[in-house]
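See structure below.
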Amino acid sequence: MNKPRFDVRFDEDAYKEYMKLDNSVAEIVDKALEELEARADEVGKILVNKQSTKLHGCKEIKLRDAGIRIVFRVTNEKVNVLPIVYVLSIEKRADEVVFNLADKRLRRFKVRPDLKKHLSHSKRWELRRRGDKRPN
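Numbering-wise (full-length UniProt numbering), the sequence shown opens with residue 1 and increments by one.
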């Protein structure tokens, strides 16, 4: 595996969604998150503002086999010299649910006065690979 170019961090609610995933789905999501760690600036579909959601600057990855979408944003913030990829939502591809959740979380994210501190304390994806246990 190549050295990571990005530090993948979770919105607190996206982390809960991730931890609730079935193990077989989590394996597929882990592969996508590993891809984000290596090339977040190159992968994913660029999202645009719509009438109901304002996701300009975000991207999505569709995991068709798992029926999941991951909505994320490459930030200008860095932790230990790595740019941060902030995962806003990991949800089923049904309707517009994943986009509505991501929009809500992005609004909350944008108004944080302590953004850099918040990002540096957000859950890291790598921690899951080091042994965080999934709830039963």
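Each residue gets a CB set at the ideal place from its N, CA and C atoms; glycine is no exception. The structure presented is a predicted model; accordingly, all values stated were derived computationally and were not measured.
>> Quick check on the burial criterion: 16 or more other C-beta atoms within 10 angstroms. Buried or exposed for Val-85?
In response: With a 10 Å radius around the Cβ and a threshold of 16 neighbouring Cβ atoms, Val-85 comes out buried.
> Residue range of the alpha helix (DSSP H) that Lys-24 falls in?
Replying inline: Here residue 24 is Ser; the residue named in the question, Lys, does not match the sequence. Ser-24 -> alpha helix (DSSP H) spans 23-39.
> Leaving out the 5 sequence neighbours to the left and right, which residues in its chain are closer than 6 Å to Ile-61 when beta-carbon positions are compared?
Replying inline: Ala-32, Gly-44 and Ile-70
> Which partner residues does Arg-69 have in the DSSP bridge list?
Replying inline: Lys-62 and Glu-91
> Looking at the unbroken beta strand (DSSP E) that takes in Phe-10, where does it start and where does it end?
Replying inline: 7-10
> By the 10 Å Cβ neighbour count, where 16 or more other Cβ atoms means buried, how is Asp-22 classified, buried or exposed?
Replying inline: Asp-22 should be labelled exposed.
> Hey, how far is the Cα of Asn-2 from the Cα of Val-74?
Replying inline: 19 Å
>> Looking at the strands, I want to know which residues DSSP matches up with Tyr-18.
In response: Answer is none; Tyr-18 lacks a bridge partner.
> Hey, out of Val-97, Asp-103, Lys-104 and Lys-78, whose CA is closest to Ser-122's CA?
Replying inline: Lys-78
>> Alpha carbons only, please: which of Ala-40, Glu-34, Phe-72 and Glu-37 is nearest the one belonging to Leu-47?
In response: Phe-72
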